[in-house]
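Structure first, commentary second.
Protein chains: 2
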Amino acid sequence: MSKRYFSKRVLEMRPSMIRELVKKYYGKADIVDLTSGKPHPSTFPVEIIKELINDALDKASAAVLQYGPTLGYSELIKQLKSFIEKRYGINLSNQDIIVTTGSAQALDLIGATLINPGEVLIVEAPTYTNAIDAFTQYNAKFVQIPIDEQGMMVEKVEEELRRLRSDGVNVKFLYTIPTFHNPAGITMSEDRRKYLLELASKYDFLIVEDDAYRELSYSDEVVPPAIKRWDSEGRVIYCGTFSKVLAPGFRVGWMVAEPETIRMFEIVKQRRDLHTSTFCQFIASEYIRRGYLEQHVLKIRQFYRPKLKVMLNALEEYMPEGFTWTKPEGGMFVWVIGPTGLNTTYMLSRAVENGVAYVPGEAFYVDGSVKNAMRLNFSFPDEEEIAEGVKRLAKTCSEEIIQR
Amino acid sequence: MSKRYFSKRVLEMRPSMIRELVKKYYGKADIVDLTSGKPHPSTFPVEIIKELINDALDKASAAVLQYGPTLGYSELIKQLKSFIEKRYGINLSNQDIIVTTGSAQALDLIGATLINPGEVLIVEAPTYTNAIDAFTQYNAKFVQIPIDEQGMMVEKVEEELRRLRSDGVNVKFLYTIPTFHNPAGITMSEDRRKYLLELASKYDFLIVEDDAYRELSYSDEVVPPAIKRWDSEGRVIYCGTFSKVLAPGFRVGWMVAEPETIRMFEIVKQRRDLHTSTFCQFIASEYIRRGYLEQHVLKIRQFYRPKLKVMLNALEEYMPEGFTWTKPEGGMFVWVIGPTGLNTTYMLSRAVENGVAYVPGEAFYVDGSVKNAMRLNFSFPDEEEIAEGVKRLAKTCSEEIIQR
Chain A
1 MSKRYFSKRV LEMRPSMIRE LVKKYYGKAD IVDLTSGKPH PSTFPVEIIK
51 ELINDALDKA SAAVLQYGPT LGYSELIKQL KSFIEKRYGI NLSNQDIIVT
101 TGSAQALDLI GATLINPGEV LIVEAPTYTN AIDAFTQYNA KFVQIPIDEQ
151 GMMVEKVEEE LRRLRSDGVN VKFLYTIPTF HNPAGITMSE DRRKYLLELA
201 SKYDFLIVED DAYRELSYSD EVVPPAIKRW DSEGRVIYCG TFSKVLAPGF
251 RVGWMVAEPE TIRMFEIVKQ RRDLHTSTFC QFIASEYIRR GYLEQHVLKI
301 RQFYRPKLKV MLNALEEYMP EGFTWTKPEG GMFVWVIGPT GLNTTYMLSR
351 AVENGVAYVP GEAFYVDGSV KNAMRLNFSF PDEEEIAEGV KRLAKTCSEE
401 IIQR
Chain B
1001 MSKRYFSKRV LEMRPSMIRE LVKKYYGKAD IVDLTSGKPH PSTFPVEIIK
1051 ELINDALDKA SAAVLQYGPT LGYSELIKQL KSFIEKRYGI NLSNQDIIVT
1101 TGSAQALDLI GATLINPGEV LIVEAPTYTN AIDAFTQYNA KFVQIPIDEQ
1151 GMMVEKVEEE LRRLRSDGVN VKFLYTIPTF HNPAGITMSE DRRKYLLELA
1201 SKYDFLIVED DAYRELSYSD EVVPPAIKRW DSEGRVIYCG TFSKVLAPGF
1251 RVGWMVAEPE TIRMFEIVKQ RRDLHTSTFC QFIASEYIRR GYLEQHVLKI
1301 RQFYRPKLKV MLNALEEYMP EGFTWTKPEG GMFVWVIGPT GLNTTYMLSR
1351 AVENGVAYVP GEAFYVDGSV KNAMRLNFSF PDEEEIAEGV KRLAKTCSEE
1401 IIQR
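Taken in order, these protein sequences are the chains called A and B. Each residue of the first sequence is one higher than the one before, starting from 1 at the first, in my numbering. Each residue of the second sequence is one higher than the one before, starting from 1001 at the first, in my numbering.
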C-alpha cells in the first residue's frame, strides 16, 4: 500500500529501538541477551495462577469472561486501594484508580490526556524509552535532567524551571522513575522526592511517578516512600504494574490520581481498548486478596538478589579501565558508562559477534545525544549467562577502545 | 485537578453514550436490559477454556506469562492465517496479521495510522458508536450513507464520491460492518460488496471491513463472503474478534491487511499497550488449533437462534402501528424505527420507568440527527426477558405517541 494513505502522525513515529533489538537478537544461539526488560520465568507463580484461574472458572465464569467497566474490574480496584494504602502509605481518600493494559497503556493515556502539541515535559536523562515514544506521539517537547546516584538532579530541575519561566514557558509534567530506575537502576533520595513536590507546587506542574520496580528491592535498606505519599495538592499521577510481581503476559497495570483526572483517562481508554482483560484483572485481584502478592514478592527478591550480585561482581572483575556503572539495590538493570567518544550503538555489532547483546544508551535519551552508555539486564539471563555475558562485553569494550 | 491541565484533545471527547447507559441501568432490579452488546454467558466455553489454560500452565508457562511481540503471539498468527484462508476463502499470500486488544483497539490503530485531521471517511448511517468515537479522536470528517435491507446504499456512496471529487475532496476510507450490522442487524448483499470494491478502486480509497459478527449466523442462508475475499488491490483492512465466538473478557481481536499497513499498526500499538495479553492470545490460539472454535460456534448459533425469533415475534405481537424493524438473520441486534417526530432519547426515561432499557438511535449517527430509532439487543437477556422487555417497550411507545 502506498505511503500516501498513512497519516503524518504515524509516518513520524520510529519503531522502538529496544523492541527491534529484541526481535533481532532474542533467542539467537550463542548470544547472551542482556537487552531484555523481562522478568525471569522462574518468578512466575504458576501454581498460584492455576489455583486462581480454576476457582474463577468454577465460581465466576459469567463475570470473568464477560465485558467489564472501562475503569476496571471493581473488585480489583477495591483490592488495589487497600493494598496501596496499607503497603505504600498513600492516602486514597481523594484519589481514584484506573486499571490499564500494562503500564505501557498508562503512559499513552497520560500523553493523550495531558499533552497539547509543543508542551514541555521534564524527564530524566536517561529515561525509559517507551515513555519518550509515548509522549512524542502527542508532540511533547522534552527537557532532560541528568541523574546521579541520588536520582534526578533536582537543583538542575529548578534551574531549568527558572529558565523556562523567564522564557514564559510552563511545564506540563515531570516524568520520573524514582525507584530502581529504568535504565539506570538508581533510586531517588527521600529529600529529592520531597523537593520535587515543592517545585511542582511552586512552578505549578504535575508529576508522573512511574513506580514499576518498587517491589524489586534486594538490599536491607528501606526503599524511600513514593512521592505520591506526600502529595497534598493532587499533583502526582502514580503508576504501578503487575508485570514485575505477577507476570507481564497478563498486561495489567494501574494508575492512582485525582478523580477528575481518572475520569479523563477513562474517556480516552474507552477509545483505546474499551477495557483491560476482565480475566487477567480477576487473577490480579485474587492475587492480592488471598495475600499471595505480599508472599510471592519475597521469593522474587531472593531470586534476583544473587543475579544482581553476579553482574556487579563480573563488571568489577572484567571491565576495562574507563568504564563505570551504577550500583543498584533493586530493579532489573545496571547502567554502564564508557569513556567519552565510545559509541555503543556502533559497538553493538561487534558485541553480537562476540556473543552478547545490550541496549545502547542513546535509546534512553530524547535526542540520542549520549552515545557512550549501555543498559544491561540481569533479571532474564541465568547467573552463568550474566557472568559470561559481561565477560564478552568487557572483551568487546577493550577491542573497541584499542581500535579507536 | 483543574481543567487547565487537560489537553484540548481530551476535553473535546464525549463519554460513550452506550457505556454510560450500561453503567446506569446494568443490573438494576426490574429493568429488562436491551442496551447490551454482550454475549450471553452460557455461550462461554468454560470447560474448553479450563482445559486450554491448564495445559498452557503445565507445558508453556514460561512463554504464556511472559512479554511477547507487538504483532502478536506467533502461533496465534499462524492459526489465524490458516483459519481465515480456509474458512473465509481469503488469500493471505500478500497479506499480514496483527493481533489487537479487542476489536476496539483495531479501530484506534486504524484511526491513528490512517487519518489526518479533516480527512473524510464514509460510514453507514447508522453505524457502530465506538467507531465514530475512535475516528473522531483523530479529527475525521464523516459522510454518512443510509442503509436498507441490502446494507449500505452503494448508489448513494457513488453519488457522494462524485460530489466530493468535484469539490476536490478525497475519501480516506469507508468503514462498514457488512455482516449482521451493529446496530441494524442487516447484511450487505454480495453485489453491493463487489460494487464497493469497484468504487474503492475507481475513487482510490480504502475499505475497513469490521466483520465482528460473521460467525453469528442463525439462518440456513449462506452468509455472503467477506469483501476482503475479492480484494485484489490490497484496499481492504479486515477486522475480526474472539469476543463473540470465545469470550470478550480476553480482549483478543485481529486485523488482516497489507504488510506495510500492518507494520504501521505495529508501530502505533507499541505506543498503546506494547502487546496484547500473551496468556489470552495463547487461549485463542489453542481454541482454533484444537478445532474448538469451529465446533463451538455451532452451539452458539443454536443458542441465539430462538432468542432472535422471540424478539421478532414479540415485536410483531406488541409494537403499535407506525413502528418498523429490521429482520436480521444473525448478530445481536434488531433496529427499530418509530414514527417521525418520536425522540427515543427523550423516551428512555419513560421506558426505564416501565422497566425496560434500550440504546437510543441517535448514538449511532455522527451528528445524532436521527431521533426516532433504537437498538435492541437479544443476545444477553433470556427469552422471557426479551418477550417481557419488548412488551414493556411497546407499552412505552404507545404511551409516548399518545402524549405527543
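Each residue gets a CB set at the ideal place from its N, CA and C atoms; glycine is no exception.
Item to check | C-beta neighbour in chain B for T129 of chain A, strict 8 Å | outcome: Locating residue 129 of chain A in the first sequence gives position 129, where the first residue counts as 1. Taking Cβ atoms only, chain B never reaches closer than 8 Å to T129 of chain A, which makes this a no.
Next on the checklist: If distances are taken between C-alpha atoms only, which option among A:W230, A:G168, A:R163 comes closest to R192 of chain A?
Outcome noted: Mapped onto the first sequence, residue 192 of chain A falls at position 192. When C-alpha distances from R192 of chain A are compared across A:W230, A:G168, A:R163, the shortest belongs to A:W230.
Next on the checklist: Output needed in chain order: residues of the segment 1338-1362 of chain B with a Cβ under 7 Å from some Cβ in chain A.
Outcome noted: none
Checklist entry - Can you round the beta-carbon distance between C239 of chain A and V268 of chain A to whole angstroms, since I take them to be within the 8 Å contact cut? => result Locating residue 239 of chain A in the first sequence gives position 239, counting from the first residue. Locating residue 268 of chain A in the first sequence gives position 268, counting from the first residue. Between V268 of chain A and C239 of chain A the Cβ distance is about 15 Å, and since that is not below 8 Å, they are no contact.
Checklist entry - For the segment 313-323 of chain A against the segment 338-352 of chain A, are there 3 or more C-beta pairs whose distance is under 8 Å? => result yes
Checklist entry - Which of helix, strand or coil does DSSP assign to Q1150 of chain B? => result Stepping through the second sequence from its first residue, residue 1150 of chain B is reached at position 150. Three-state result, Q1150 of chain B: coil.
Next on the checklist: Please report the distance separating the alpha-carbon of V1390 of chain B from that of L65 of chain A.
Outcome noted: Start at 1 with the first residue of the second sequence, and residue 1390 of chain B comes out as number 390. Start at 1 with the first residue of the first sequence, and residue 65 of chain A comes out as number 65. Each residue's alpha carbon lies about 27 Å from the other.
Next on the checklist: For P1117 of chain B, count the other beta carbons within 10 Å of its own beta carbon; 16 or more makes it buried, fewer makes it exposed. Which is it?
Outcome noted: On the second sequence, residue 1117 of chain B is found 117 positions in, with the first residue counted as 1. Burial call: exposed.
Checklist entry - Could you give the C-beta distance for R1301 of chain B and S1217 of chain B, rounded to a whole number, given that I count them as a contact under 8 Å? => result Here residue 1301 of chain B refers to the residue found at position 301 when the second sequence is read from its first residue. Here residue 1217 of chain B refers to the residue found at position 217 when the second sequence is read from its first residue. At roughly 6 Å, the Cβ-Cβ gap stays under 8 Å, so R1301 of chain B and S1217 of chain B are in contact.
Checklist entry - From the beta carbon of R1271 of chain B, is the nearest beta carbon of chain A less than 8 Å away? => result Here the question's residue 1271 of chain B lines up with position 271 in the second sequence. Yes, its Cβ sits closer than 8 Å to a Cβ of chain A.
Checklist entry - Quick one, which residues of the segment 155-188 of chain A are near chain B if we go by CB-CB under 7 Å, in chain order? => result Listed by position, the residues of the segment 155-188 of chain A near chain B (Cβ gap below 7 Å) amount to none.
Next on the checklist: Based on DSSP bridge pairs, tell me the residues matched to N1054 of chain B.
Outcome noted: Numbered from 1 along the second sequence, position 54 holds the residue referred to as residue 1054 of chain B. None; N1054 of chain B has no bridge partner.
Item to check | Distance, L1011 of chain B Cα to V1352 of chain B Cα | outcome: Taking the first residue of the second sequence as position 1, residue 1352 of chain B is located at position 352. Taking the first residue of the second sequence as position 1, residue 1011 of chain B is located at position 11. Going from the Cα of V1352 of chain B to the Cα of L1011 of chain B covers about 30 Å.
Item to check | Nearest-angstrom beta carbon gap, Y1128 of chain B and I1177 of chain B [assumed within contact, 8 Å] | outcome: Here residue 1177 of chain B refers to the residue found at position 177 of the second sequence. Here residue 1128 of chain B refers to the residue found at position 128 of the second sequence. I1177 of chain B to Y1128 of chain B, Cβ: 6 Å. Contact.
Item to check | DSSP state of I1049 of chain B mapped onto helix, strand, coil | outcome: Position 49 of the second sequence holds residue 1049 of chain B. In the displayed model, I1049 of chain B falls within a helix according to three-state DSSP.
Item to check | Continuous alpha helix (DSSP H) assignments of at least 4 residues falling wholly in the segment 1301-1370 of chain B | outcome: 1344-1353
Checklist entry - Does at least one heavy atom of the ligand HEM sit under 7 Å from the Cβ of I48 of chain A? => result This structure simply doesn't include the ligand HEM, nor any ligand for that matter.
Next on the checklist: Using only CA atoms, which one of B:R1392, B:H1275, B:C1280, B:V1297 lies nearest to Q1105 of chain B?
Outcome noted: Stepping through the second sequence from its first residue, residue 1105 of chain B is reached at position 105. Nearest of B:R1392, B:H1275, B:C1280, B:V1297 to Q1105 of chain B, Cα basis: B:H1275.
Checklist entry - Are there 16 or more other CB atoms within 10 angstroms of the CB of L1407 of chain B, so buried, or fewer, so exposed? => result Shown here, chain B extends from 1001 to 1404; a query on residue 1407 of chain B therefore has no answer.
Item to check | Simplified DSSP state of Y213 of chain A, which is helix, strand or coil | outcome: On the first sequence, position 213 is the one that residue 213 of chain A refers to. Three-state result, Y213 of chain A: coil.
Next on the checklist: Assess contact between the segment 35-42 of chain A and the segment 243-250 of chain A, defined as three or more Cβ pairs (one per stretch) separated by less than 8 Å. Is contact present?
Outcome noted: The segment 35-42 of chain A, when compared against the segment 243-250 of chain A, does touch it at the 8 Å Cβ threshold.
Item to check | Per-residue DSSP class, three states only, for G118 of chain A | outcome: In the first sequence, residue 118 of chain A corresponds to position 118, counting from 1. DSSP places G118 of chain A in coil when its eight states are reduced to three.
Checklist entry - Quick one: what's Q1144 of chain B bridged to in DSSP? => result What you label residue 1144 of chain B is simply residue 144 of the second sequence in a count that begins at 1. Answer is B:V1123, bridged to Q1144 of chain B.
Item to check | Backbone CA spacing between Y304 of chain A and Y1067 of chain B [nearest angstrom] | outcome: By one-based count along the first sequence, residue 304 of chain A stands at place 304. By one-based count along the second sequence, residue 1067 of chain B stands at place 67. If you take the alpha carbons of Y304 of chain A and Y1067 of chain B, they lie about 18 Å apart.
Item to check | Cβ-Cβ distance between A363 of chain A and M13 of chain A below 8 Å | outcome: Stepping through the first sequence from its first residue, residue 363 of chain A is reached at position 363. Stepping through the first sequence from its first residue, residue 13 of chain A is reached at position 13. No, the pair does not count as a contact, with Cβ atoms beyond the cut-off.
Checklist entry - In chain A, which residues lie with their C-beta within 8 Å of the C-beta of D1133 of chain B? => result Residue numbering aside, residue 1133 of chain B sits at position 133 when the second sequence is read from its first letter. What D1133 of chain B touches in chain A: Q270, R271.
Checklist entry - Closest Cβ-Cβ distance between G368 of chain A and chain B: below 8 Å? => result Mapped onto the first sequence, residue 368 of chain A falls at position 368. No - not a single Cβ of chain B is within 8 Å of the one on G368 of chain A.
Checklist entry - To which residues of the same chain is G1331 of chain B closer than 6 Å at the C-beta, ignoring the five residues directly before and after it? => result In the second sequence, residue 1331 of chain B corresponds to position 331, counting from 1. Closer than 6 Å at Cβ, skipping near neighbours: F1180, G1185, Y1213, L1216.
Checklist entry - DSSP on V10 of chain A, reduced to helix/strand/coil? => result What you label residue 10 of chain A is simply residue 10 of the first sequence in a count that begins at 1. Three-state result, V10 of chain A: helix.
Checklist entry - Quick one: does K24 of chain A have its CB under 8 Å from some CB of chain B? => result The residue given as residue 24 of chain A occupies position 24 in the first sequence. Closer than 8 Å: no.
Checklist entry - Does G89 of chain A come within less than 8 Å of chain B when only Cβ atoms are used? => result Looking up residue 89 of chain A in the first sequence gives position 89. With 8 Å as the cut-off, G89 of chain A does not count as an interface residue toward chain B.
Item to check | Chain-ordered chain D contacts of V1010 of chain B [CB-CB under 7 Å] | outcome: In the displayed structure, chain D is absent; the protein chains listed are A and B.
Item to check | Short CB-CB distance (under 8 Å) between Q105 of chain A and chain B | outcome: For the purposes of this step, residue 105 of chain A is taken as the residue at position 105 of the first sequence. Yes, Q105 of chain A lies at the interface with chain B (some Cβ there is under 8 Å from its Cβ).
Checklist entry - From A:A131, A:T136, A:E149, A:S201, pick the residue whose C-alpha is nearest to that of L161 of chain A; which is it? => result Counting from one through the first sequence, the residue named residue 161 of chain A turns up at place 161. Selected option, being the one with the closest Cα: A:S201.
Next on the checklist: Along the segment 54-66 of chain A, where does the CB come closer than 9 Å to a CB of chain B? Name the residues.
Outcome noted: Against chain B - using a Cβ distance shorter than 9 Å - the residues of the segment 54-66 of chain A are N54, L57, D58, S61, A62, A63, V64, L65, Q66.
Checklist entry - Does the Cβ-Cβ distance between V1032 of chain B and R1290 of chain B come in under 8 Å? => result Position 32 of the second sequence, counted from the start, is the residue given in the question as residue 1032 of chain B. Position 290 of the second sequence, counted from the start, is the residue given in the question as residue 1290 of chain B. No.
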